[in-house]
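2 protein chains.
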Amino acid sequence: MSYSGARVSKARRQHLLGRVLAEHAVTSQEQIVELLATEGVTATQATVSRDLEEVGAVKVRVPGSDRLVYAIAELPRDQLLPEDHLRRVLGEWVVDVAFSGNIVVVRTPPGSAHVVASALDRSALEGVLGTVAGDDTVLIVSEEPRGGKALAARVGEIAGR
Amino acid sequence: MSYSGARVSKARRQHLLGRVLAEHAVTSQEQIVELLATEGVTATQATVSRDLEEVGAVKVRVPGSDRLVYAIAELPRDQLLPEDHLRRVLGEWVVDVAFSGNIVVVRTPPGSAHVVASALDRSALEGVLGTVAGDDTVLIVSEEPRGGKALAARVGEIAGR
DNA sequence: CATGACTATACACGCTGCTGCATACTGATC
DNA sequence: GATCAGTATGCAGCAGCGTGTATAGTCATG
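These protein sequences, in sequence, are chains A and B. So the first sequence is numbered by the numbering used here: it starts at 14 and just counts up by one. So the second sequence is numbered by the numbering used here: it starts at 14 and just counts up by one.
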């Protein structure tokens, strides 16, 4: 294994992948490999396959043609943050959990509240009305009048406490 | 090596460390180990030593006494985010950098803009007037009228591009 | 059903971060 | 200067992630 790569982060590669799909009508993963290469990013077909999956890309039929091109499915993504991803984010960044009434207060390291809130939002956690994030604090509003306790327990459990 | 630990994240342990220091007048790292243990977190003196350093704790003299107790130095921390930490954060989360006039536009994965902005703020990067973070975008305002270009280059360089 | 193009995946492996153990270092006290 | 309490750190090991290689699976076409 050369492992020449690791020069760019996975996040950046997947971002570029999105741009490539938006700008070119690609029909195969090998094409993506080449296009990424022209952007200075090296990756193999295997990696592209995994990226496509993670980014939520699908092959769609081009109207008026029988070609299948890759495209990123925008909306459904937001609902489908995988459980173990949420578990990783919370386990890593959640530092404390408390509650009062229907509000759960989640503490995080400074500046990290939005990452946690975003993960919670996208995970479609049961019984969550909404979230607000400050700098190091996330408020989760429960649907139930006194639902804070149960929700806090659930969050704490996911965070691995 | 037992390695029974790793049950709690480093972030959480350090958060607890802060609470412990605030609530108890501790004079030795061994005491901290014990206090953490009562909170259900196991760590050795070596780890506590490293945590204290990372958190920016110092030993201060108790007024009217000759005891030295640990305390967290609040303010200086914000100025002193180490260079390689910034490098890690940017390298991991910055996905694209652009500029116009005196504004640098940094793109990040969804929900991660605040982590990046927070790291930038705390790093006291040269020539930065301020930052604003949305969901996946950070705006950096340069001090110089046309400083965007240079600043973008600097940010890109730190991010490893 | 054979073939070929394309994609997904089992496997192995390197890298990095975190941690404990053992030990070197430091500073105070006598 | 010897001793001792307390702290920092070199070293090694482990875990998890990300990735490439090789290969198995899938699907369309003839």
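Built from N, CA and C at the ideal position, the CB exists for glycine as well. Values in this document were obtained by computation on a predicted structure and should not be read as measured data.
Among A/I116, A/S113, A/A146 and A/V117, whose alpha-carbon lies nearest the alpha-carbon of B/A6? Because chain B is modelled from 14 through 174, residue 6 of chain B falls outside the range shown and cannot be assessed.
Could you tell me which of A/E66, A/L138 and A/P122 sits nearest to B/V201, measuring between CA atoms? Chain B is shown from 14 up to 174; residue 201 of chain B falls before or after that span and cannot be answered.
Helix, strand or coil at B/A146 [DSSP, three-state]: Your numbering for residue 146 of chain B matches position 133 in the second sequence. DSSP places B/A146 in strand when its eight states are reduced to three.
If you reduce the DSSP assignment to three classes, tell me which class B/D91 lands in. Along the second sequence, one-based indexing puts residue 91 of chain B at 78. Here the model assigns B/D91 a pLDDT of 49, short of 50, so the residue's position is not dependable and the matter cannot be decided.
May I ask you to report which of helix, strand or coil DSSP gives B/R80? The count along the second sequence starts at 1 and reaches residue 80 of chain B at position 67. B/R80 falls in the coil class under three-state DSSP.
Going along chain A, which residues have a C-beta under 7 Å from B/P122? Stepping through the second sequence from its first residue, residue 122 of chain B is reached at position 109. Simply A24.
Across the segment 131-143 of chain B and the segment 160-170 of chain B, are there enough close Cβ pairs to call them in contact, namely three or more that are closer than 8 Å? yes
Which chain B residues sit within Cβ distance under 9 Å of A/A132? The count along the first sequence starts at 1 and reaches residue 132 of chain A at position 119. The answer, in chain order, is G124.
Using alpha carbons as the reference points, say which of B/L133, B/A38, B/G31 and B/Q58 lies closest to B/R101. Mapped onto the second sequence, residue 101 of chain B falls at position 88. Considering only alpha carbons, the answer is B/L133.
Apart from the five residues just before and just after B/L7, which ones in its own chain have a Cβ nearer than 8 Å to its Cβ? Not covered by the structure: residue 7 of chain B. The range shown for chain B is 14 to 174.
Report the rounded CA-to-CA distance for A/S116 versus A/P158, giving the unit in angstroms. Walking along the first sequence from the start, residue 116 of chain A turns up at place 103. Walking along the first sequence from the start, residue 158 of chain A turns up at place 145. For the sequence presented, residue 116 of chain A should be read as Ile rather than Ser. Taking the straight line joining both Cα atoms gives about 9 Å.
By DSSP, does B/R20 sit in helix, in strand, or in coil? Translated into the one-based positions of the second sequence, residue 20 of chain B becomes position 7. Coil at B/R20, not helix or strand.
Cβ closer than 7 Å: which chain B residues qualify as neighbours of A/G104? Walking along the first sequence from the start, residue 104 of chain A turns up at place 91. By Cβ distance, chain B contributes S22.
B/H98: which of B/V128, B/V151, B/T144 and B/R20 sits nearest, CA to CA? By 1-based counting over the second sequence, the position of residue 98 of chain B is 85. Of the listed residues, the one whose Cα sits closest to B/H98 is B/V128.
I'd like to know if A/D109 contacts chain B, where contact means its C-beta is closer than 8 Å to some C-beta of that chain. Position 96 of the first sequence, counted from the start, is the residue given in the question as residue 109 of chain A. Yes, A/D109 lies at the interface with chain B (some Cβ there is under 8 Å from its Cβ).
Opposing strand residues paired with A/V117 [DSSP bridges]: In the first sequence, counting from the first residue as 1, residue 117 of chain A sits at position 104. Under DSSP, A/V117 takes part in a beta bridge, and its partners are A/F112 and A/I153.
Kindly indicate the opening and closing residues of the beta strand (DSSP E) around B/V102. Along the second sequence, one-based indexing puts residue 102 of chain B at 89. First-last for B/V102: E96 to W106, but that is the alpha helix (DSSP H), not the beta strand (DSSP E).
Residue span of the beta strand (DSSP E) that contains A/R74, given as start and end: Reading the first sequence from its first residue, position 61 is the one you call residue 74 of chain A. A70 to R74 is the span of the beta strand (DSSP E), which, as asked, contains A/R74.
Hey, how far is the Cα of B/D91 from the Cα of A/T51? Indexing the second sequence from 1 puts residue 91 of chain B at position 78. Indexing the first sequence from 1 puts residue 51 of chain A at position 38. Its pLDDT being 49, under 50, B/D91 is placed unreliably by the model, and nothing is read from it.
Evaluate B/Q58 with the Cβ neighbour count: other Cβ atoms within 10 Å of its Cβ, from every protein chain shown; 16 or more gives buried, anything less gives exposed. Against the second sequence, residue 58 of chain B aligns to sequence position 45. Exposed: under 16 other Cβ atoms inside 10 Å.
Thinking just about the alpha-carbon of each residue, which of A/G173, A/I171 and A/V110 is nearest to the one in A/T150? In the first sequence, counting from the first residue as 1, residue 150 of chain A sits at position 137. Among A/G173, A/I171 and A/V110, the Cα nearest to that of A/T150 belongs to A/V110.
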